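Structure, as structure tokens:
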Amino acid sequence: MSLRIQDLTLANFRSYPSFTVGDLGELTIFHGPNAAGKTNVVEAIQLLTALTSFRKASAAELVMRGATQARAAATITDGNRLLDLALTFDDGKRAYRLNGKPRSVKSLKGLVPSIIFSPEDLSLIKGSDSFRRQELDQLGTQVNANYYQITRDFEKVLRQRNRLLKDEAAPTLVDSLTEVFAKVGAQLTAYRKAMLTRITPHIMAAYADISGGERLTVEYHASWDESQDLAEALQGNREQERARRTTLLGPHRDHIVFQVNGMNAGSFASQGQQRSIVLAVKMAEVQLIEEMLDQKPILLLDDVMSELDAARRAAMVEKLLPETQTFITTANLDYFNEEIIEKARIIRIERSDPHSHPYQNQ
Ligand SMILES: Nc1ncnc2c1ncn2[C@@H]1O[C@H](COP(=O)(O)OP(=O)(O)OP(=O)(O)O)[C@@H](O)[C@H]1O
Ligand SMILES: [Mg+2]
-8 MSLRIQDLTL ANFRSYPSFT VGDLGELTIF HGPNAAGKTN VVEAIQLLTA LTSFRKASAA
52 ELVMRGATQA RAAATITDGN RLLDLALTFD DGKRAYRLNG KPRSVKSLKG LVPSIIFSPE
112 DLSLIKGSDS FRRQELDQLG TQVNANYYQI TRDFEKVLRQ RNRLLKDEAA PTLVDSLTEV
172 FAKVGAQLTA YRKAMLTRIT PHIMAAYADI SGGERLTVEY HASWDESQDL AEALQGNREQ
232 ERARRTTLLG PHRDHIVFQV NGMNAGSFAS QGQQRSIVLA VKMAEVQLIE EMLDQKPILL
292 LDDVMSELDA ARRAAMVEKL LPETQTFITT ANLDYFNEEI IEKARIIRIE RSDPHSHPYQ
352 NQ
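With this note's numbering applied, the sequence shown corresponds to residues -8 to 353, in that order.
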């Protein structure tokens, strides 16, 4: 079974007073000049599928300037049934509805999975561990509801614990949270390791394929000495923690390391190798979702064609696009060969003045 977005409607979302597009097929290219609103559309689709925004946008940013309410909605089909999925923002509160009924994010995770690939993903290699952890969590939370719950529980207890440390609260108060922090923290690290173990062979195979046989390895390193459990490690680290007034050990400090031919990719990989690694990771994510959820994720390719050379573009088109509903944004159609252009529905996105009349783009 594969779910597809059939149509999409935006109201007061980002730069769009209103925007509707229907009869969406396998491949859609949003084409238009810079700042026209192409990424805004992709972000709306991501919010309706992965249920997060890669730009980590707040409600205030997602609602059109000057408005207090916004809506992004999609009709989703499995070939027979139609599902109505809507995200509304009302005075800063975001809420999802499925067929008119309020639904939690947790209950919707994995319903319509999606993978996004944007130029910002190059931070996966050069950026800090937080980018890599976030990428892994973004995948894990879509394929496993427990994983999602654990990330939520962990974020909550981390916030509480850090607030106490920041306020220099009594050590007994901090200690009272340490047990639950360590329990949830160790769980999250375990979920991450399991997910990484599962996806690594796919990443390695994809990378070997793209690079013509180079060896890529991916490793997860917990931030604490794992001969101890996390609670013990925190106990031994109390002085430093109190001095720095923040929680220094736990999954929020764990490391994910890519190595190419035995060398750390963050320090040594060339521009081209970095792009190949990111492409391999995305290909592997698509495979993993298919394997675990028995359906292909929707693919969101935001402006990546300009980042890839012709060979990598061809690899992406050949490996990623078939049978996957794909949305691509670009300012330049020259990156696409005739075959793609013929297959695609090209939707022109023009810059709009949000204060002019609402317009429809078909
Ligand atoms: N909440 C908002 N209210 C009004 N306008 C917004 C809001 N959020 C973003 N915008 C506008 O949307 C525009 C950016 O849209 P977007 O990022 O989708 O452009 P793009 O077409 O992807 O451009 P590029 O090709 O440069 O990536 C900006 O001009 C920005 O001012
Ligand atoms: Mg953009």
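Cβ atoms here follow ideal geometry from the backbone N, Cα and C, with glycine treated the same way.
As the structure is a prediction and not an experimental result, all values here were calculated from the model.
Looking only at its own chain, which residues have a Cβ that is under 6 Å from the Cβ of residue i, when we skip the five neighbours before and after it?
{"i": "THR191", "result": "VAL209"}
{"i": "ASN31", "result": "ARG5 and SER6"}
{"i": "LEU(-6)", "result": "ILE67, ASP69 and VAL103"}
{"i": "LEU(-1)", "result": "VAL12 and ALA65"}
{"i": "LEU1", "result": "TYR7, PHE10, ALA35 and ALA63"}
{"i": "THR237", "result": "ASN153 and LEU156"}
{"i": "ILE340", "result": "PHE21, GLY23, ALA27, GLY28 and LYS29"}
{"i": "ASP293", "result": "THR30, VAL33, SER109 and THR320"}
{"i": "ALA58", "result": "ASN3"}
{"i": "VAL295", "result": "PHE108"}
Buried or exposed, going by whether 16 or more other CB atoms sit within 10 Å of the CB of residue i?
{"i": "PHE45", "result": "buried"}
{"i": "SER258", "result": "exposed"}
{"i": "ASP75", "result": "exposed"}
{"i": "GLU52", "result": "exposed"}
{"i": "GLY83", "result": "exposed"}
{"i": "ASN323", "result": "exposed"}
{"i": "ALA305", "result": "exposed"}
{"i": "SER105", "result": "buried"}
{"i": "GLY28", "result": "buried"}
{"i": "ASN25", "result": "exposed"}
{"i": "THR317", "result": "buried"}
{"i": "LYS100", "result": "buried"}
{"i": "LEU127", "result": "buried"}
{"i": "ALA301", "result": "exposed"}
{"i": "GLN264", "result": "buried"}
Pull up the CB-CB distance for residue i and residue j, whole angstroms please, since I reckon it's below 8 Å.
{"i": "GLN133", "j": "ALA41", "result": "6 Å"}
{"i": "HIS212", "j": "ASP158", "result": "Actually they are not in contact, since the Cβ atoms of HIS212 and ASP158 sit about 31 Å apart, beyond 8 Å."}
{"i": "ILE271", "j": "ALA177", "result": "Before going further, note that residue 271 is Ala rather than Ile in the sequence given. Contact doesn't hold; Cβ gap of about 29 Å is too wide."}
{"i": "THR315", "j": "LYS287", "result": "5 Å"}
{"i": "LEU291", "j": "GLN37", "result": "6 Å"}
{"i": "ASN255", "j": "ARG206", "result": "Rounded, the Cβ-Cβ distance is 14 Å, inconsistent with contact."}
I'd like the span of the alpha helix (DSSP H) that includes residue i, first residue to last.
{"i": "THR320", "result": "Where THR320 is concerned, there is no enclosing alpha helix (DSSP H), although the beta strand (DSSP E) it sits in stretches over 317 to 321."}
{"i": "GLN129", "result": "120 to 134"}
{"i": "ILE332", "result": "329 to 334"}
{"i": "SER258", "result": "256 to 259"}
{"i": "PHE45", "result": "Note, PHE45: premise wrong, no alpha helix (DSSP H); not H, not E."}
Below 7 Å CB to CB, which residues in the same chain sit around residue i once its five sequence neighbours on both sides are set aside?
{"i": "TYR182", "result": "GLY131, TYR138 and ILE141"}
{"i": "ARG123", "result": "LEU115 and ILE247"}
{"i": "PHE80", "result": "ALA50, LEU53, VAL54, GLN60 and ALA61"}
{"i": "GLU232", "result": "LEU156, THR238 and LEU239"}
{"i": "VAL269", "result": "ASP112, LEU113, LEU115 and ILE116"}
{"i": "SER347", "result": "Legend: pLDDT at SER347 = 49, less than 50; position of this residue unreliable, no value from coordinates given."}
{"i": "SER119", "result": "none"}
{"i": "HIS193", "result": "ALA275, GLN278 and LEU279"}
{"i": "GLN90", "result": "This sequence places Asn at residue 90; Gln is not what is there. Closer than 7 Å at the Cβ level, and outside the excluded window around ASN90, lie LEU74 and ASP75."}
{"i": "LEU164", "result": "LEU155"}
How big is the Cα-Cα spacing for residue i and residue j?
{"i": "LEU179", "j": "PRO242", "result": "7 Å"}
{"i": "ASN352", "j": "LEU18", "result": "The predicted model places ASN352 with a pLDDT of 43, which falls under 50 and marks its position as unreliable, so this point remains unresolved."}
{"i": "TYR326", "j": "ILE201", "result": "19 Å"}
{"i": "MET195", "j": "VAL175", "result": "30 Å"}
{"i": "LYS147", "j": "PHE172", "result": "9 Å"}
{"i": "ALA222", "j": "ALA185", "result": "21 Å"}
{"i": "PHE21", "j": "MET274", "result": "22 Å"}
{"i": "LYS310", "j": "ARG266", "result": "15 Å"}
{"i": "ALA224", "j": "THR43", "result": "33 Å"}
{"i": "ARG336", "j": "GLU330", "result": "12 Å"}
{"i": "LEU299", "j": "VAL308", "result": "11 Å"}
{"i": "ARG3", "j": "LEU78", "result": "Here residue 3 turns out to be Asn, not Arg, going by the sequence shown. In a straight line, the C-alpha of ASN3 is about 12 Å away from that of LEU78."}
{"i": "ASP216", "j": "VAL96", "result": "34 Å"}
{"i": "ALA136", "j": "PHE145", "result": "14 Å"}
{"i": "SER167", "j": "ARG303", "result": "52 Å"}
{"i": "SER218", "j": "GLU170", "result": "17 Å"}
{"i": "LEU284", "j": "GLN226", "result": "40 Å"}
{"i": "ARG235", "j": "ASN328", "result": "54 Å"}
Which same chain residues, not among the five before or five after residue i, have their C-beta less than 8 Å away from its C-beta?
{"i": "GLU333", "result": "none"}
{"i": "ILE280", "result": "PRO104, ILE106, LEU130, GLN133, VAL134, GLN286, LYS287 and PRO288"}
{"i": "GLN(-3)", "result": "GLY13, ASP14, LEU15, ALA65, THR66, ILE67, THR68 and LEU73"}
{"i": "LYS162", "result": "Per the sequence shown, the amino acid found at residue 162 is Pro instead of Lys. So the list reads ARG229 and ARG233, once near-sequence residues are dropped."}
{"i": "ARG342", "result": "GLY23, PRO24, ALA26, ALA27 and GLY28"}
Determine the extent of the beta strand (DSSP E) in which residue i is found, giving its start and end residues.
{"i": "ASN3", "result": "-5 to 4"}
{"i": "PRO8", "result": "7 to 12"}
{"i": "PHE80", "result": "73 to 81"}
{"i": "ILE67", "result": "60 to 68"}
{"i": "LEU291", "result": "289 to 293"}
{"i": "THR208", "result": "207 to 212"}
{"i": "TYR87", "result": "84 to 89"}
{"i": "VAL248", "result": "246 to 251"}
{"i": "ILE194", "result": "Segment 162 to 202 is the alpha helix (DSSP H) holding ILE194; no beta strand (DSSP E) there."}
I'd like to know whether the C-beta of residue i is nearer than 8 Å to at least one C-beta of chain D.
{"i": "SER267", "result": "Absence of chain D from the displayed structure is noted, only one protein chain being present."}
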